[in-house]
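Note that the sequence shown covers residues 1 to 285 in the UniProt record's numbering. Below: one structure, written as structure tokens.
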Amino acid sequence: MSDTNLGTLYVVATPIGNLEDMTPRAARLLGEVALIAAEDTRHTSRLLRHLGLSVPLLSLHEHNEAARVEQLDERLLRGESIALVSDAGTPLISDPGFVLVRELRARGRTVVPVPGPCALVTALCAAGLPTDRFLFQGFLPAKAGTRRQRLEALVQRGETLVFYESPHRIRETLSDIGTVLGERRVVLARELTKTFETFLDGTAEALLALMEADPDQARGEFVIMVAGAPPREESEAATLEAEALLAALLAEGVGVKQAAAIAARLLGGTKKAWYSQAQAIKEAR
């Protein structure tokens, strides 16, 4: 069978909230393919009903993706085209599909991206943080210890940091961001393109206080964006400034723990890091 008779896998972006964001090309292709591989067939069924389409669905998620490769490749070999969709946004961006795309491309099949909504790009373009360089980390680990380790590995990164988070862990994640990354600017995008779309801006500590005052702000799906580490020159200057501040506080009889807390509040960084620095200055004196 010649390649011209093979089907195509279309990787189709779908709305992240507002159904008006569905592109005409994406809607047309969903109606033309023989099969739609969907992360959640129930969710995609609602989208198809909205579009007035009736297309066979097949579930494809992280637990069955590898096992679906042969089945979907057989359909392509028969000349049938397939659309791959996730629950919302662009497939493969913190969603299933990587294994399927990798395996099909390795076999010489045609994979065509159909661009559209993506939560991380949507959030970044309205956050007011630098976008010339950013580092997307998807969802941070669920376990607190592993999550903090991941954040600690990012402390020196100068790019804007971008994470996805669920309402179940948003408070814990913001707390760890404040503890590990210090008092950096954080922009929280919530319920993007939906009725209650909200952008919150401040330190992690300030955002937690907002959620405490208004629990509704902890609901929905989140994109967390954190300012990158300052340039090295600024970091060195801040270190010298902190050392001078810590030395002055200790000379006035302020305790090591309290001096570290004051430095963290005024200059950013973590209390733990300033505590170690203050303790070293005290011992040197």
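Beta carbons are placed, not taken as given, at the ideal position from N, Cα and C, and that holds for glycine.
- Item | Beta-carbon proximity check, T193 vs N18, cutoff 7 Å | Translated into the one-based positions of the sequence shown, residue 193 becomes position 193. Translated into the one-based positions of the sequence shown, residue 18 becomes position 18. Cβ distance < 7 Å, so T193 and N18 count as in contact.
- Please report how far the alpha carbon of E191 lies from the alpha carbon of H168, in whole angstroms. Residue numbering aside, residue 191 sits at position 191 when the sequence shown is read from its first letter. Residue numbering aside, residue 168 sits at position 168 when the sequence shown is read from its first letter. Going by the C-alpha atoms only, they are around 14 Å apart.
- Message: Here's the rule I'm using: 16 or more other beta-carbon atoms within 10 Å means buried, otherwise exposed. How should A229 be labelled?
- Response: Here residue 229 corresponds to residue number 229 of the sequence shown, with the count starting at 1. Result: buried.
- Item | Cβ-Cβ separation, A278 to A259 (assumed contact under 8 Å), whole Å | In the sequence shown, residue 259 corresponds to position 259, counting from 1. In the sequence shown, residue 278 corresponds to position 278, counting from 1. Rounded, the Cβ-Cβ distance is 5 Å, consistent with contact.
- Item | Spatial neighbours of L57 in its chain, beta-carbon cut-off 7 Å, leaving aside the 5 residues before and after | As a first step, residue 57 is located in the sequence shown; it is residue number 57 there, counting from the start. Hits under 7 Å: I36, A38, T41, T44, S45.
- If you run the structure through DSSP and keep just helix, strand and coil, what is Q156? Within the sequence shown, residue 156 is the residue found at index 156, counting from 1. Three-state DSSP puts Q156 in coil, outside helix and strand.
- Which runs of the alpha helix (DSSP H), 4 residues or longer, sit entirely within the stretch 81-150? 98-106, 119-124
- Neighbour-count burial assignment, S86, 16 or more Cβ in a 10 Å radius: As a working note, residue 86 is residue 86 in the sequence shown. The residue in question, S86, is buried, as its Cβ has 16 or more Cβ neighbours within 10 Å.
- Task: Can you have a look at L181 and say buried or exposed, based on whether 16 or more other CB atoms are within 10 angstroms of its CB?
- Result: Residue numbering aside, residue 181 sits at position 181 when the sequence shown is read from its first letter. So L181 ends up on the buried side.
- Would you mind stating whether residue 286 and Y10 have Cβ atoms separated by less than 7 Å? Nothing about residue 286 can be read from this structure; the chain reaches only from 1 to 285.
- Which value, in whole angstroms, describes the spacing of the CA atoms of L92 and R157? Locating residue 92 in the sequence shown gives position 92, counting from the first residue. Locating residue 157 in the sequence shown gives position 157, counting from the first residue. Looking at the two C-alpha atoms, the distance is approximately 24 Å.
- Option nearest S166 by Cα separation, candidates E80, E103, L188, R150: Your numbering for residue 166 matches position 166 in the sequence shown. Minimum Cα distance to S166 is reached at L188.
- Item | Validate contact between the stretch 65-74 and the stretch 96-114 using beta carbons, cut 8 Å, 3 pairs | yes
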